[in-house]
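Here the protein sequences line up with chains A and B, keeping their order.
Residues in the first sequence are numbered from 1 upward in steps of one, following our numbering.
Residues in the second sequence are numbered from 1 upward in steps of one, following our numbering.
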Amino acid sequence: KAGVTQTPRYLIKTRGQQVTLSCSPISGHRSVSWYQQTPGQGLQFLFEYFSETQRNKGNFPGRFSGRQFSNSRSEMNVSTLELGDSALYLCASSPPHSENTGELFFGEGSRLTVL
Amino acid sequence: AQKVTQAQTEISVVEKEDVTLDCVYETRDTTYYLFWYKQPPSGELVFLIRRNSFDEQNEISGRYSWNFQKSTSSFNFTITASQVVDSAVYFCALSEYKAAGNKLTFGGGTRVLVKP
Chain A
1 KAGVTQTPRY
11 LIKTRGQQVT
21 LSCSPISGHR
31 SVSWYQQTPG
41 QGLQFLFEYF
51 SETQRNKGNF
61 PGRFSGRQFS
71 NSRSEMNVST
81 LELGDSALYL
91 CASSPPHSEN
101 TGELFFGEGS
111 RLTVL
Chain B
1 AQKVTQAQTE
11 ISVVEKEDVT
21 LDCVYETRDT
31 TYYLFWYKQP
41 PSGELVFLIR
51 RNSFDEQNEI
61 SGRYSWNFQK
71 STSSFNFTIT
81 ASQVVDSAVY
91 FCALSEYKAA
101 GNKLTFGGGT
111 RVLVKP
């Protein structure tokens, strides 16, 4: 059974640009969450989507947005990139019986470097 | 607001030693979940355990054991007879039931280095 797949794995952007990251959850999983991991702030919740609807949102500026498609695949977008957006962005999905319990299956992340 | 504190940033042990990771949490909710996740060098977090706030029974799974004490707001994790493969960063996390969904608040993580 394939795990959570994130693309691209690595990318480099410059300040002011925008970036889109993609996440394919495990087949059958409808909940997709996104987390940002940095050395300074640690792991921080960005947002969660369930059946194409955002049902939770973290404390990030409006430059961070996301969406989920009917096949549960999700994308997140960061506009007007800042140096501080350099991070590992982790996507996670939840199995049907654990959609409200925090049991998450994570991908290996997309490492974004902003120059 | 909820908060999770892992005071130990790094622990180094020799193989076969036991290692205990501390986790202290803060929440105003009476119903919540606590978790431990493992992050190996490859980057993906691996779910280890979930406990709900009404279940203070300690749990053992192989070489892993967890001690949940509501009175001290702690949820500690012990690896018995550590192995090199246990080297990773371990995260404690909390979610509040009323929030629904999967919004987790993570601690800062404890890096465990097991030397052969």
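Here a beta-carbon is modelled for each residue, glycine too, at the ideal position from N, C-alpha and C.
Values in this document were obtained by computation on a predicted structure and should not be read as measured data.
Asked, Found
"Where L30 (chain A) meets chain B, residues with beta-carbon distance less than 7 Å", "First, the amino acid is wrong: residue 30 (chain A) is Arg here, not Leu. Under the 7 Å cutoff, chain B gives no residues; its nearest Cβ is about 11 Å from R30 (chain A)."
"Burial state of T27 (chain B) (16 or more Cβ within 10 Å)", "buried"
"Where G102 (chain A) falls: helix, strand or coil (DSSP)", "coil"
"Sequence-distant residues of its chain with Cβ nearer than 6 Å to Q69 (chain B) (five each side left out)", "none"
"Min CB distance G102 (chain A) to chain C below 7 Å", "Absence of chain C from the displayed structure is noted, the protein chains being A and B."
"Residues near P40 (chain B) in its chain [Cβ-Cβ closer than 6 Å; skip 5 each side]", "A88"
"Member of A:L81, A:T101, A:F50 whose CA lies at the smallest distance from the CA of P61 (chain A)", "A:L81"
"Per-residue burial, I60 (chain B) [other beta carbons within 10 Å of its own, 16 or more giving buried]", "exposed"
"Partners in chain B for G42 (chain A), counting only beta-carbon separations shorter than 7 Å", "F106, G108, G109"
"Backbone CA spacing between S53 (chain B) and R15 (chain A) [nearest angstrom]", "44 Å"
"Identity of the residue in A:S27, A:Q18, A:Q6, A:V114 nearest S70 (chain A) by Cα", "A:S27"
"Which of helix, strand or coil DSSP assigns to L45 (chain B)", "coil"
"Terminal residues of the beta strand (DSSP E) in which L90 (chain A) lies", "87-94"
"Cα-Cα separation, S82 (chain B) to G101 (chain B)", "34 Å"
"Cβ of G66 (chain A) within 7 Å of any chain B Cβ", "no"
"Counted within 10 angstroms of its Cβ, other Cβ atoms place A92 (chain A) as buried (16 or more) or exposed", "buried"
"Collapsed DSSP secondary structure at V32 (chain A) in the structure displayed", "strand"
"Below-7 Å beta-carbon distance, R133 (chain A) vs any chain B residue", "Shown here, chain A extends from 1 to 115; a query on residue 133 (chain A) therefore has no answer."
"As assigned by DSSP and simplified to three states, the class of T53 (chain A)", "strand"
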